[in-house]
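Colleague:
Numbering (this note's numbering), first residue to last: 12 to 729.
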């Protein structure tokens, strides 16, 4: 460096992005301790009123506390110990619900703290004249020639151009306009392997806080300080921008309506009890403490206490999958998706054509063809060239040779010749497109065999790429190059089909090649020769048919389709336009992540539905506990409802209230981890969840309340 002001401490350990929370145990002390304190802070009425169900429980706890204080002065409606016990467990119910929410938020906050440490104030090299960014190669980092000037990263503005060299941190989000370099993005993705960033194409986006490991980059800043991708991530994972989704709002309205209905019903029981006792002349008037306990047991307290935690945990699971959802609505929509649009290259296939077979011409041995193809490819660093060398080694045990040691002259591929090869020992060996090799052979006075044309046409029809090999005036045969379908992808598509999701492959290939790959991969449909307009039209057609569409993309040409899709996953390596159009960003830039996104979304919906079912079902047992206990003094016949044979009215009421509090604690891990998701049709999932959570919700409380009753009696607490 020419100026010490540009020096940066490259020894600072980079935090590990979403990986920071992946390995954390569910009840990590670093999360649990703050969550306990946060549970008390959330007792603030302004926070409680956001959740109607828990707000009613909180009011009930406050009322019973006042009744307990009143009983201490000899004017209580029941024994002080009984009122105090009910009051304490009602407060515990509220605290446990707060704790569930705080635990869900805690994992996000831990991630946010990690991300905050990746933000740093550094001195950036701002290029003063854009003419130094292209034709002249790497700009000078010296200030003496007036090309660059030092700027604090907090003073940078959108549109400025900066030079970042090896060992330096990228100050803010931007797009590479010149240079190629490897970049450490572990601060964001948690992945230790560096990635290549270069100008043009779909690998030009860089994120502030990441570090250049080699070479240099010239970057145009695309965000102002405080508006970077990391800043948006921090706001999202801290919950500052988490808004309730439409389904969550609808469920909240339902729970609030049920709460109001039960509140009105319970409120009428006091005058009814007074009237009854007065008219029949015996019995006991039901107390407010018992009415509060009855209300808390009848309203959907369990799901009310866990609902917020379920939503937050769903976004947290996305974060741990290295996907940043811009809203809870996007996560929820992912669970409802029934159509997936996937790019072929890099998603369904490996993205690089691989040599799979050597097909010799008549009169030529396979060994001779393989030897010539390998020699022509020794200095070829393309994936196709390397795969030819590897295939010759694997099939014919031909060891790798160095073309320069052999004294050969490598002839590189050009767009004009459409072939490459080597001049060795007076022979010219070439490999390339069929028409180019045919001209080469004919120019040497040779004849291009009809059998080779037949092989070329056959490979093309099968969706492969034919590469013809020739030595001087003789065509030796054809190398079959194939875009390899990823291992296990066919099984993944079969799982999606079980989930009722239609898969559509998008490719720029011709229809023949596209059909071949689609059949091998097992997708339901494909769109060949896809243009941005064609993608957009396909999405709109599916949406018009009532389907919810998800797709992923990384280029500017994908932006219109991403903006139209219901769930749009943009690659972090992609262009700024793609990231702004999407409602999710995949930090790993893995196109197959779209499948995982859908599964996480479905898991969120299933978890919410399962726990709602369990909550409503387990309320039924309270009818057999509190109603007999509350009215048995007035209506002895109600003793028949005491099927659990609870010891005393006080014990029955306390057991039901304690069960409500404890079941929330027991269900917290399920709310945070989510119900295990297995790909299946909606009807099968519904049957399974009803069988487990509805039946479980009916049965478990009977055993739970009875066990608590036995404990209270044994300990002489009721």
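Cβ atoms here follow ideal geometry from the backbone N, Cα and C, with glycine treated the same way.
1. From residue 407 to residue 518, what does the alpha carbon distance come to, in whole angstroms?
2. In chain order, which continuous runs of the alpha helix (DSSP H) of length 4 or greater are located wholly inside the segment 580–641?
3. I need the DSSP call for residue 206, collapsed to helix, strand or coil.
4. Indicate whether the contact test is met: 3 or more Cβ pairs, each with one atom in the segment 486–500 and one in the segment 313–328, closer than 8 Å.
5. Where residue 699 and residue 623 are concerned, what is the direct C-alpha to C-alpha distance, given to the nearest angstrom?
6. Quick one: what's got a C-beta closer than 6 Å to residue 368's C-beta in the same chain, skipping five residues either side?
7. Could you name the residues that DSSP lists as bridge partners for residue 162?
8. Thinking residue 69 and residue 81 are a contact (beta carbons under 8 Å), I'd like their distance in whole angstroms, please.
9. Could you tell me the boundaries of the beta strand (DSSP E) in which residue 540 lies?
10. Looking at the structure shown, is residue 5 part of a helix, part of a strand, or coil, going by DSSP?
11. Within 10 angstroms of the Cβ of residue 710, are there 16 or more other Cβ atoms? Answer buried if so, exposed if not.
12. From the DSSP output, which residues share a beta bridge with residue 369?
13. Mind checking which residues open and close the beta strand (DSSP E) that includes residue 432?
14. Applying the 10 Å Cβ sphere with the 16-neighbour rule, what's the burial state of residue 449?
15. Return the residue from the list 438, 429, 524 that minimises the CA-CA distance to residue 419.
16. One question on the structure: do residue 311 and residue 269 come within less than 8 Å of each other, judged by their Cβ atoms?
17. Tell me the residue span of the beta strand (DSSP E) that contains residue 689.
18. Taking all protein chains shown into account, decide if residue 587 is buried (16 or more other Cβ within 10 angstroms of its Cβ) or exposed.
19. How far does the alpha helix (DSSP H) with residue 259 in it reach, from first residue to last?
20. Which residue from 344, 486, 285, 305 puts its Cα closest to that of residue 377?
21. Compare the Cα-Cα distances from residue 73 to each of 90, 88, 100 and report the closest residue.
22. Could you tell me whether the Cβ atoms of residue 675 and residue 313 are closer together than 8 Å?
23. How many angstroms separate the CA atom of residue 514 from the CA atom of residue 215?
24. According to DSSP, is residue 478 helix, strand or coil?
25. If distances are taken between C-alpha atoms only, which option among 306, 359, 460, 422 comes closest to residue 604?
26. Please return the same chain residues whose Cβ sits closer than 6 Å to the Cβ of residue 278, not counting the five positions on each side in sequence.
27. What does the alpha-carbon distance come out to for the pair residue 601 and residue 335?
28. Have a look at residue 479 and residue 374 and give me their C-alpha separation to the nearest angstrom.
29. In angstroms, rounded to a whole number, what distance separates the CA positions of residue 511 and residue 559?
30. Taking DSSP as the reference, what is the three-state secondary structure of residue 82?
31. Please confirm whether residue 97 and residue 665 have their CB atoms less than 8 Å apart.
32. Could you check the C-alpha separation between residue 653 and residue 629 for me, to the nearest Å?
33. Which residues bound the alpha helix (DSSP H) around residue 575?
34. If contacts are defined as beta-carbon pairs under 8 Å, then residue 467 and residue 459 qualify, I think. What distance do you get, rounded to the angstrom?
35. Beta carbon of residue 696, beta carbon of residue 561: below 8 Å?
36. On a Cα-Cα basis, can you pick out the residue from 77, 534, 221 that is closest to residue 355?
Modeller: Quick answer:
1. Cα-Cα distance, rounded: 34 Å.
2. 587–592, 604–629, 631–634
3. strand
4. no
5. 15 Å
6. 491.
7. 135
8. Actually they do not touch by this definition, with Cβ atoms about 19 Å apart.
9. Per DSSP, residue 540 belongs to no beta strand (DSSP E) and is neither H nor E.
10. Shown here, the chain extends from 12 to 729; a query on residue 5 therefore has no answer.
11. exposed
12. 490
13. 430–435
14. buried
15. 438
16. yes
17. Premise fails: residue 689 is in no beta strand (DSSP E) and is neither H nor E.
18. buried
19. 257–278
20. 486
21. 100
22. Their beta carbons are under 8 Å apart, which means residue 675 touches residue 313 by this criterion.
23. 29 Å
24. strand
25. Comparing alpha-carbon positions, the option among 306, 359, 460, 422 lying closest to residue 604 turns out to be 359.
26. none
27. Cα-Cα distance, rounded: 13 Å.
28. 16 Å
29. A straight-line Cα-Cα distance of about 12 Å links residue 511 and residue 559.
30. Assigned with DSSP and collapsed to three states, residue 82 falls in helix.
31. Yes, the Cβ-Cβ distance between residue 97 and residue 665 is below 8 Å.
32. C-alpha separation (whole angstroms): 16 Å.
33. 570–575
34. Wrong, their Cβ atoms sit about 10 Å apart, outside the cutoff.
35. no
36. 534
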